[in-house]
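The opening position of the sequence shown corresponds to residue 1 in full-length UniProt numbering, with each subsequent residue numbered one higher.
The structure appears right after this line, and notes come after that.
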Amino acid sequence: MAHPYAPPYAAPHPLLPFPATPASITPISDISLGTVLAAVYVNIPLCLLLLLSFELLRRLLPRIFLGHHYHAEGGGPPGWAQTPGPLSGLRLWHSTFCTSWSSVLRTAGLDYYMFLRYIRLCYKLCLVSSLYCVGILAPTYATAGGREQGWYRISLKNVPAEAQAGSAAQSAAEEGITPSMRVWVAVAVMYLLTAYTIFAIDAEYKHYLELRMSFLSTGVSSSNPSATQQHYSIKVENIPLNLRSERALHSYFSSLFPGRVHSTSVVLATPALELLSHRRLRVCRRFEKSYSSLASTGVRPTHVVGRKRCMCFGIESEPLCNSKVLCGCCRGERVDSIRYYRGDLKKMNRQYGRVMRELEAIALRGEKGGEEGLLDRVKDGVMGKLGIGNAATPGLMSPESSMTVATAPSYGSFDAHSTDEFERLSSGEHGRTASNPSALLNSSFLFNASPPRPHLIQPGGEDKHLSWWKRGVSKAGGDFLEAVWDYGKRQFSTVVVDGVFNRTVSSTGFVTFTDLQCVSICSSIGALTFQNQPMIVSTAPGPTDIYWDNAHISEPVLSAKTNTASFIVTFGALLWSVPVATIQGLATTSTLSKLPGMAWLGDACDECEPEEAERRKFYANLVNGYLPVLCLLGLMQLLPLLFELLATHYENRKTNADIQRSILRRFFFYQLANVYVSISAASILDNLSEILDSPSSLLSNFSEMIPTVVGYFISLICTKILAGLPVVLLRLGALLRLTFLRSCFKESQLTLREMREVYRKQEFMYGWEYPTQLFVIVIVFTYAVISPIIIPIGAIYFFGALMVYKMQALHVYTPLYEGGGELFPSVCHRTLVGLTCGQLTLLGYLSLRVGLGYQPFALMPLPIVTLLVMGRQKRAYDLPSERLSLERAAILDYDNARGGAQEELLRSFDKKAYRQPLLDPEQRELLPMAYREGRGNGWEAADEEPGDADFDSDGDGDGVECGRPLINR
Numbered sequence: 001m002a003h004p005y006a007p008p009y010a011a012p013h014p015l016l017p018f019p020a021t022p023a024s025i026t027p028i029s030d031i032s033l034g035t036v037l038a039a040v041y042v043n044i045p046l047c048l049l050l051l052l053s054f055e056l057l058r059r060l061l062p063r064i065f066l067g068h069h070y071h072a073e074g075g076g077p078p079g080w081a082q083t084p085g086p087l088s089g090l091r092l093w094h095s096t097f098c099t100s101w102s103s104v105l106r107t108a109g110l111d112y113y114m115f116l117r118y119i120r121l122c123y124k125l126c127l128v129s130s131l132y133c134v135g136i137l138a139p140t141y142a143t144a145g146g147r148e149q150g151w152y153r154i155s156l157k158n159v160p161a162e163a164q165a166g167s168a169a170q171s172a173a174e175e176g177i178t179p180s181m182r183v184w185v186a187v188a189v190m191y192l193l194t195a196y197t198i199f200a201i202d203a204e205y206k207h208y209l210e211l212r213m214s215f216l217s218t219g220v221s222s223s224n225p226s227a228t229q230q231h232y233s234i235k236v237e238n239i240p241l242n243l244r245s246e247r248a249l250h251s252y253f254s255s256l257f258p259g260r261v262h263s264t265s266v267v268l269a270t271p272a273l274e275l276l277s278h279r280r281l282r283v284c285r286r287f288e289k290s291y292s293s294l295a296s297t298g299v300r301p302t303h304v305v306g307r308k309r310c311m312c313f314g315i316e317s318e319p320l321c322n323s324k325v326l327c328g329c330c331r332g333e334r335v336d337s338i339r340y341y342r343g344d345l346k347k348m349n350r351q352y353g354r355v356m357r358e359l360e361a362i363a364l365r366g367e368k369g370g371e372e373g374l375l376d377r378v379k380d381g382v383m384g385k386l387g388i389g390n391a392a393t394p395g396l397m398s399p400e401s402s403m404t405v406a407t408a409p410s411y412g413s414f415d416a417h418s419t420d421e422f423e424r425l426s427s428g429e430h431g432r433t434a435s436n437p438s439a440l441l442n443s444s445f446l447f448n449a450s451p452p453r454p455h456l457i458q459p460g461g462e463d464k465h466l467s468w469w470k471r472g473v474s475k476a477g478g479d480f481l482e483a484v485w486d487y488g489k490r491q492f493s494t495v496v497v498d499g500v501f502n503r504t505v506s507s508t509g510f511v512t513f514t515d516l517q518c519v520s521i522c523s524s525i526g527a528l529t530f531q532n533q534p535m536i537v538s539t540a541p542g543p544t545d546i547y548w549d550n551a552h553i554s555e556p557v558l559s560a561k562t563n564t565a566s567f568i569v570t571f572g573a574l575l576w577s578v579p580v581a582t583i584q585g586l587a588t589t590s591t592l593s594k595l596p597g598m599a600w601l602g603d604a605c606d607e608c609e610p611e612e613a614e615r616r617k618f619y620a621n622l623v624n625g626y627l628p629v630l631c632l633l634g635l636m637q638l639l640p641l642l643f644e645l646l647a648t649h650y651e652n653r654k655t656n657a658d659i660q661r662s663i664l665r666r667f668f669f670y671q672l673a674n675v676y677v678s679i680s681a682a683s684i685l686d687n688l689s690e691i692l693d694s695p696s697s698l699l700s701n702f703s704e705m706i707p708t709v710v711g712y713f714i715s716l717i718c719t720k721i722l723a724g725l726p727v728v729l730l731r732l733g734a735l736l737r738l739t740f741l742r743s744c745f746k747e748s749q750l751t752l753r754e755m756r757e758v759y760r761k762q763e764f765m766y767g768w769e770y771p772t773q774l775f776v777i778v779i780v781f782t783y784a785v786i787s788p789i790i791i792p793i794g795a796i797y798f799f800g801a802l803m804v805y806k807m808q809a810l811h812v813y814t815p816l817y818e819g820g821g822e823l824f825p826s827v828c829h830r831t832l833v834g835l836t837c838g839q840l841t842l843l844g845y846l847s848l849r850v851g852l853g854y855q856p857f858a859l860m861p862l863p864i865v866t867l868l869v870m871g872r873q874k875r876a877y878d879l880p881s882e883r884l885s886l887e888r889a890a891i892l893d894y895d896n897a898r899g900g901a902q903e904e905l906l907r908s909f910d911k912k913a914y915r916q917p918l919l920d921p922e923q924r925e926l927l928p929m930a931y932r933e934g935r936g937n938g939w940e941a942a943d944e945e946p947g948d949a950d951f952d953s954d955g956d957g958d959g960v961e962c963g964r965p966l967i968n969r
């Protein structure tokens, strides 16, 4: 006998191991106007509650909602009332609306400015498009004579085919307006929408390109030296072994640009130093924690050595089981915490300084050869046993030959003599100075860097000096084996050694020039030589933009990991229909009502009173319109977390901007798949048996589903307007974090370092927020012509998003790094990809309609034109925005030299700006921070035991150096 709750199943398909359509899972087919209104009625009170909570909480917790005013120099933007009055909420939004774009740019930086400009672009597209799309298409569809009701009456679905036209359509045809003519109107509107979208994106592109060029050259007049130096620097990848030192790299680039190289830096792999830094910082935190306990309680703290502690959001707890009563029978020595951690910190500072000096020497001169000569020593040993070659002492290398870096290395077309001569002259020997490039250019050795050969040497002709039998072996295929050996040695050196043995000096470095023209030239040509494995050159990111934990990873290893990660992400997107179809099938009242105790969710009740039946219908509409949207939004919020972990800890991307770009691309890919899976999942799930029998029926089912799923997307956008944007305003993540820390820790016992961690700068995650806006605009493009009612709803969303994010730019977020808006071209490119998908959706829908004429053929050129426009924009805007143009660089260099600003600019440069933070000289000795800012003498009244003031360099008896609170970066 069947279980009473066992759901009945349809007959299984012979090709399926499971029933084709479970009767207990009803796929979503349509969300009516009443269902959407029910969701809106619930969201409106929720929206008001969230807005009132925001008004209350921003007064109680200004550090969360006014964080920019506490971190940014010079306070917040003009017009902000620091003391809110009765109408402060209205004044807040009025001030946000009236703040000029130039103020936004100065306050938030170019990255956030372009994010807001993109939201404004989407708002403008929706607002203008609603005028002609709704104004033209709504009456065209409404009077077509179809039988649709609700908002589907003003959709393309209401336009019947010629063979299916009813009496109303026939009467309209008698007046000269046929259904085919109405479809021609839809085709014309799609052309108009495409033209206006391209025009608007072109205008924003031109504005972005001008700001980008200004950003790449504003280092000349910037007050921040590190920001200035960024624009004069390049990043170098695939540095060969003989150039992997600061001295060798400086010598090579001085050969290319005599007298114009300011400084060089190479990135080191420092796992031992990183481990030591983490341990030292932990000891310093506990040392500060002990002093804070003494300052807050007046009792000298003690602890049992070896007791564990808990770390939560950067705050460390007291030792677990530290009570004298509970720990009396436990093992471990109880010690004075201040004296114990003070001695431990002094010992670790000495150890850190010793390791740091060794790494600085390696960075300057290079490291000794080890793994890179392994294959050569094996080869020399074998040939020595055979009596071939000059391997007199196989397998051994002299100390001089084991150095991978010579004083004057050779690379590309330069030999050791020419690079040594360049370095000697550029350093100022023989009366010449580095500031006189003309003297260097007139040197005769410049033209002898690659001396002309006396005769043409053909392939395989380099062995003329060998004996006859060696040349015979070479002609018989020995040259091929030698080439295979060289290729394997290069791959072993670049992939295996760099990826497995992990050299101390990596293949990544930075070069700072004294003018912008050198930066423009290097970043434009990309490769510096035509020979094998050329160095790859690009503009340098800012030091704060670099993710230093991954900076030492070689480019081949990074490429291999990126390809693997892309395969995993693509495979996951192909299976994305499974969770989406499951949500659409399970999150409905018809499914939930079959669960035990959930029968009250059913919308049908034969024995109920009319009031009860109406109430059940309302709840059914609410669940059907609200629950699938919430489940899908919750699922989508997990994806950026996974993509960030993938980009940071597996792919080992080297900059924060690159990490955000990776999240943006992959998240958009899933957002795009989500739109079309939501359209097709219900049709596929509902007609799986029919599709397996006749695959061509998939297209007809898809064409029937396109207009009906618009209610689902309208409900989703309405939820994002009334619930999503207020949640963004409330910043629930930061709010819950602060609430948890305040409930678990006493502020009086927190150290200054922990206080700064609690109220740290709030970073804006572009890789999360850009795809959120792209998701909405792709939905609007998909249904702009099919169901134009969605366009004004999209305009409302983008207006609200513009106000919310603009307010947060002015009062909440503080830029941690500045990428110069480099994500904007990728977003514009994907906007046109969404437009192309909307064009193809309309083209496919019209192609599958019965009785239509040439309208699908008229739409075919539109996606091709859009793709051509994308290529033109890439050539006209994307590629030029990657680097400063040579023309503008020459003008700026000339203005600096004529105005006398060049020398002052060079004096502001730091030769160690691109050194890793772990190698910063200020990090050589980590000192504890004061208990509170401005309270350096807070512990002078406390009882001190002898020897407790070893760190007291300012003589105030507190044991810390108040004028130099260092933080290990």
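For glycine and all other residues, C-beta sits at the position ideal for the given N, C-alpha and C.
Everything numeric in this text was worked out from a predicted model, so none of it was measured.
- DSSP lists M311 as the bridge partner or partners of E316.
- S217 sits in a helix when the DSSP states are folded into three classes.
- The C-beta distance from V304 to R334 rounds to 5 Å, short enough to fall under 8 Å.
- By the Cβ rule, the region 502-514 does not count as touching the region 856-872, because fewer than three pairs are nearer than 8 Å.
- In the structure shown, T302 falls within a strand segment according to DSSP collapsed to helix, strand and coil.
- Residue pairing for R334: DSSP places it in a beta bridge opposite V304.
- Check the Cα spacing between A248 and each of L268, F215 and A363: the tightest is with A363.
- In the structure shown, E769 adopts helical secondary structure according to DSSP, grouped into three states.
- Between the C-alpha atoms of I790 and I714 there is a straight-line separation of about 6 Å.
- Shown here, V185 sits in a helix according to DSSP, grouped into three states.
- Each residue's CA atom was taken as its position, placing G821 and L672 some 23 Å apart.
- Residue Y118 holds the alpha-carbon nearest to the alpha-carbon of L823 among V36, K346, Y118 and C47.
- In the structure shown, S506 adopts extended strand secondary structure according to DSSP, grouped into three states.
- When the beta-carbon positions are compared, M311 and Y208 stay at least 8 Å from each other.
- Boundaries around E246 are those of the alpha helix (DSSP H), E246 to L256, since no beta strand (DSSP E) includes it.
- Around the beta carbon of V267, 16 or more other beta carbons sit within 10 angstroms, so the residue counts as buried.
- For the options F199, L635 and S538, the alpha carbon positioned closest to that of A581 is the one of L635.
- A residue is called buried when at least 16 other Cβ atoms come within 10 angstroms of its Cβ; L774 meets this threshold and is buried.
- For H207, the three-state secondary structure derived from DSSP is helix.
- Remark: C-beta atoms of Y759 and R63 approach each other more closely than 8 Å.
- E246 places its beta carbon less than 8 Å from that of S265.
- Put simply, of L359, V128, I568 and L832 the residue whose alpha carbon is nearest the alpha carbon of P921 is L359.
- Put simply, of L575, I201 and R244 the residue whose alpha carbon is nearest the alpha carbon of L835 is I201.
- In this structure, the alpha-carbon of K911 lies about 40 Å from that of F668.
- Check the Cα spacing between G343 and each of Y152, F287, G332 and P179: the tightest is with F287.
- Inter-residue distance for R898 and A801 is about 47 Å (C-alpha atoms, whole angstroms).
- With contact defined as three or more Cβ pairs closer than 8 Å, the region 809-821 and the region 137-153 are not in contact.
- Contact check for Q916 and T270: beta-carbon distance about 7 Å, within the 8 Å limit, so the pair qualifies.
- If you ignore the 5 residues before and after A587, its C-beta comes within less than 7 Å of the C-beta of L627, P628 and C631, all in its own chain and listed in chain order.
- For T814 against H68, the beta-carbon gap comes to about 5 Å, under 8 Å, which counts as contact.
- The Cβ neighbour count for M348, taken over all protein chains shown within 10 Å, is at least 16; the residue is labelled buried.
- Using a 10 angstroms sphere on the CB of D895, the tally of other CB atoms stays under 16, which defines it as exposed.
- Straight-line spacing of the CA atoms in Y854 and N652 works out to 52 Å.
- Setting aside the 5 residues that flank it on each side, L741 is surrounded in the same chain by F313, I315 and V758, each with a C-beta closer than 7 Å to its C-beta; the list follows chain order.
- A direct Cα-to-Cα measurement between L481 and L905 gives close to 54 Å.
- Relative to the Cα of L892, the nearest Cα in the group D515, L57, S292 and M870 belongs to D515.
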